[in-house]
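One structure below.
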Amino acid sequence: MYKLSLSIDWFDKHSEFAYSFIRIFLGFALFVRGLILSFDPSLITQLTGASHWYWWYSYVIIAHIICGVMLGIGLLTRLAAFLQIPILIGAIFVFHLKAGLVRVEQSLELSTLVFVLLIIYSLFGSGSLSMDHYLARKRDTN
210 MYKLSLSIDW FDKHSEFAYS FIRIFLGFAL FVRGLILSFD PSLITQLTGA SHWYWWYSYV
270 IIAHIICGVM LGIGLLTRLA AFLQIPILIG AIFVFHLKAG LVRVEQSLEL STLVFVLLII
330 YSLFGSGSLS MDHYLARKRD TN
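Using the numbering used here, you'd call the opening residue of the sequence shown number 210 and step up by one each time.
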């Protein structure tokens, strides 16, 4: 019981790591999503059901790849998250809201979760395991 208490205390003191790991996973997931869409451009037209928005699809793919990497390493995290928000608004309100909850493919609840996480990271920043934090510390010591 004592070891369990110590473990819980350690996790309480280091909750910042969980915040950073979620950011890293989110960035990696968006990066992979961008790669998948770039390797198979027809997939995005299948997901959306519209093929006349190619300029928007290019933005989605490029933003997922670049901002996904930025989120993953925690570099310019607020900007990277903020640039992803319009994509998720489009995904939620234009495409997923029509289909409803709990689908086998991309779903409304997953897109909404990613949207909320992006808002959190655009407001609160990257956390301690990030390039932003490292560069800020380095700048403060000089």
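Every residue gets a Cβ at the ideal spot worked out from N, C-alpha and C, and that includes glycine.
In this text, all values refer to a predicted model and were calculated from it rather than measured experimentally.
For residue 281, which residues in the same chain have their Cβ closer than 6 Å to its Cβ, ignoring the five residues on either side in sequence? 233, 236, 237
Discussion item. If distances are taken between C-alpha atoms only, which option among 337, 291, 316 comes closest to residue 329?
Written reply: 291
Q.
Does the contact criterion of 3 or more C-beta pairs under 8 Å hold for the stretch 235-255 versus the stretch 265-280?
A. Yes, the stretch 235-255 touches the stretch 265-280.
Margin query: Looking at residue 297: is its Cβ nearer than 7 Å to the Cβ of residue 324?
Written below: yes
Could you please give the first and the last residue of the uninterrupted alpha helix (DSSP H) stretch that includes residue 340?
-> 340-350
Work out the CA separation of residue 225 and residue 293 for me, nearest whole Å. So the two alpha carbons sit approximately 23 Å from each other.
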